[in-house]
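Engineer: Numbering (full-length UniProt numbering), first residue to last: 1 to 165.
C-beta atoms are modelled at their ideal positions from N, C-alpha and C, and glycine is treated no differently.
I'd like to ask some things about the structure below.
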């Protein structure tokens, strides 16, 4: 539940998550290549690793990584010192630019889950009150508690679907 609540913190939470992913990936690629900065080949491998982490950690559908040509074009844009390599700070900016649409899609999914599920729960509460055995308990629950329980169940269900992939 803490992760779900952390996701509600918005942009700072997303930036922190992206920074953690980029730092870990940058260090891994840097150690494997033995260079301080990333050349194109290393950068593309890093992009694949980042998208792998994004698909594992963030809720929502699977996001495909960009093509090599897209990475090459973005590398030229993000290489601020024009040395043909990407340093750590340029890498963070590169990944933020690359994942903006992905993070937006994740945010939209969370908003839908956290707004639509409670609305549907409250709307269907009357229907579940007629279920034998279960209906008496539902009648005693306040709408806010019932909506919270249903929303939590939806979030857990979505998380289990993501974990099974």
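Hey, would you say residue 46 sits closer than 9 Å to residue 18, going by beta carbons?
Structural biologist: no
Engineer: Are the beta-carbon atoms of residue 151 and residue 121 separated by less than 9 Å?
Structural biologist: Their beta carbons are under 9 Å apart, which means residue 151 touches residue 121 by this criterion.
Engineer: Evaluate residue 169 with the Cβ neighbour count: other Cβ atoms within 10 Å of its Cβ, from every protein chain shown; 16 or more gives buried, anything less gives exposed.
Structural biologist: Nothing about residue 169 can be read from this structure; the chain reaches only from 1 to 165.
Engineer: Output yes or no for whether 9 Å exceeds the beta carbon distance between residue 39 and residue 84.
Structural biologist: yes
Engineer: Cα-Cα, which of 90, 63, 66 is closest to residue 36?
Structural biologist: Nearest C-alpha to residue 36: 90.
Engineer: Identify whether residue 38 lies in helix, strand or coil by the three-state DSSP scheme.
Structural biologist: strand
Engineer: Could you work out which residue in 138, 136, 137, 99 is closest to residue 50 when comparing CA atoms only?
Structural biologist: 99
Engineer: Quick check: the Cα distance between residue 12 and residue 63, rounded to an integer number of angstroms?
Structural biologist: 21 Å
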